[in-house]
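Keeping their order, the protein sequence lines are chains A and B. Residue 1 is where the first sequence starts when you use my numbering, and the numbers rise one by one after that. Residue 113 is where the second sequence starts when you use my numbering, and the numbers rise one by one after that.
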Amino acid sequence: QKEVEQDPGPLSVPEGAIVSLNCTYSNSAFQYFMWYRQYSRKGPELLMYTYSSGNKEDGRFTAQVDKSSKYISLFIRDSQPSDSATYLCAMSDGSSNYKLTFGKGTLLTVNP
Amino acid sequence: DTAVSQTPKYLVTQMGNDKSIKCEQNLGHDTMYWYKQDSKKFLKIMFSYNNKELIINETVPNRFSPKSPDKAHLNLHINSLELGDSAVYFCASSQLSGRAGNEQFFGPGTRLTVL
Chain A
1 QKEVEQDPGP
11 LSVPEGAIVS
21 LNCTYSNSAF
31 QYFMWYRQYS
41 RKGPELLMYT
51 YSSGNKEDGR
61 FTAQVDKSSK
71 YISLFIRDSQ
81 PSDSATYLCA
91 MSDGSSNYKL
101 TFGKGTLLTV
111 NP
Chain B
113 DTAVSQTPKY
123 LVTQMGNDKS
133 IKCEQNLGHD
143 TMYWYKQDSK
153 KFLKIMFSYN
163 NKELIINETV
173 PNRFSPKSPD
183 KAHLNLHINS
193 LELGDSAVYF
203 CASSQLSGRA
213 GNEQFFGPGT
223 RLTVL
């Protein structure tokens, strides 16, 4: 079992839809969770950062962490064509070397 | 003002050559990283330096040698390039000291093509 599993998609939705992106993980020591957005031929851009379980909201984006189920989600409300990108989840156990473990990314296309 | 910059952006070279990629960050961070992203978009950590000290060294061929002259710079030298080295290489930085978690900020990437 891979440490972090993420459905690669592709996921195609109409403009205005609510998008749900998910990752599952196996390492119960993970406690810091991040979502990155990567546009084609660009570097990953940090979108959301959460610690432990709970929700965090930032504009149209909501990140959820359920540590008991080892499951994290990113919701995008009122999706826009400019949200079309690959979304990568990443997580860390906060140990001394703070290595991030990434999911493989989900390719999202929002159609106008 | 670019936070994490890399040069060159594109690198096309022949098998067997030696090449270097440079990275600089102006965020004042104490830790820098090199990642390799393959054609399937999977991001894999290669190396990390904290205050010029190597802290992460994943299973990478020893043809790859990172060098950190100071906290703001991390270079990657690759000897005897092989076809399988073709990928996009990303530099990233973060502040580990005095902070919880590890929010990393990425550069724009260097697309390496080995012919």
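The beta carbon of each residue, even a glycine, is placed where N, CA and C say it ideally should be.
Check the Cβ-Cβ distances between residue i and every residue of chain A, and say whether any is below 8 angstroms.
i        : result
B/LYS179 : no
B/ASN214 : yes
B/GLY219 : yes
B/PHE159 : no
B/LYS152 : yes
Can you tell me the Cα-Cα spacing of residue i and residue j, whole angstroms?
i        : j        : result
A/ASP93  : B/ASP197 : 29 angstroms
B/ASP182 : B/ILE190 : 20 angstroms
A/LEU46  : A/GLN64  : 16 angstroms
B/ASN129 : A/PRO14  : 47 angstroms
B/THR225 : B/PRO178 : 19 angstroms
A/LEU107 : B/LYS153 : 10 angstroms
A/ASN55  : B/LEU193 : 45 angstroms
B/ASP202 : A/TYR87  : Looking at the sequence itself, residue 202 of chain B is Phe, so the reference to Asp does not match. If I take the Cα positions, the gap works out to 16 angstroms.
B/LYS148 : B/ILE157 : 7 angstroms
B/ARG175 : B/LEU195 : 13 angstroms
A/ASP7   : B/SER209 : 33 angstroms
A/GLY16  : A/ASP58  : 17 angstroms
With 16 as the cutoff for other CB atoms within 10 Å, does residue i come out buried or exposed?
i        : result
A/LEU74  : buried
B/ASN214 : buried
A/MET34  : buried
B/ASN187 : buried
B/LEU166 : exposed
B/MET127 : exposed
A/ILE72  : buried
A/SER95  : exposed
A/SER82  : exposed
B/PRO173 : exposed
A/GLN80  : exposed
A/GLY43  : buried
A/ALA29  : exposed
B/ILE133 : buried
Checking contacts by CB at 8 angstroms: is residue i closer than that to chain B?
i       : result
A/ASP98 : At residue 98 of chain A the sequence reads Tyr, which differs from the Asp that was named. Cβ-Cβ to chain B under 8 angstroms: yes for A/TYR98.
A/LEU74 : no
A/MET34 : yes
A/LYS42 : yes
Would you list the one or two residues that DSSP bridges to residue i?
i       : result
A/ARG37 : A/GLU45, A/TYR87
A/LYS56 : A/ALA63
A/THR24 : A/GLU5, A/TYR71
A/TYR51 : A/TYR32
A/PRO14 : A/ASN111
Contiguous beta strand (DSSP E) assignments of at least 3 residues, all confined to the region 187-224 of chain B: 199-206
Quick check for students: name the residue ranges of the alpha helix (DSSP H) that lie wholly in the region 115-147 of chain B, counting only runs of 4 or more. Complete alpha helix (DSSP H) runs here, min 4: none at all.
What beta strand (DSSP E) runs, 3 residues minimum, are completely inside the region 149-184 of chain B? Here the runs fully enclosed are 155-162, 165-169, 176-182.
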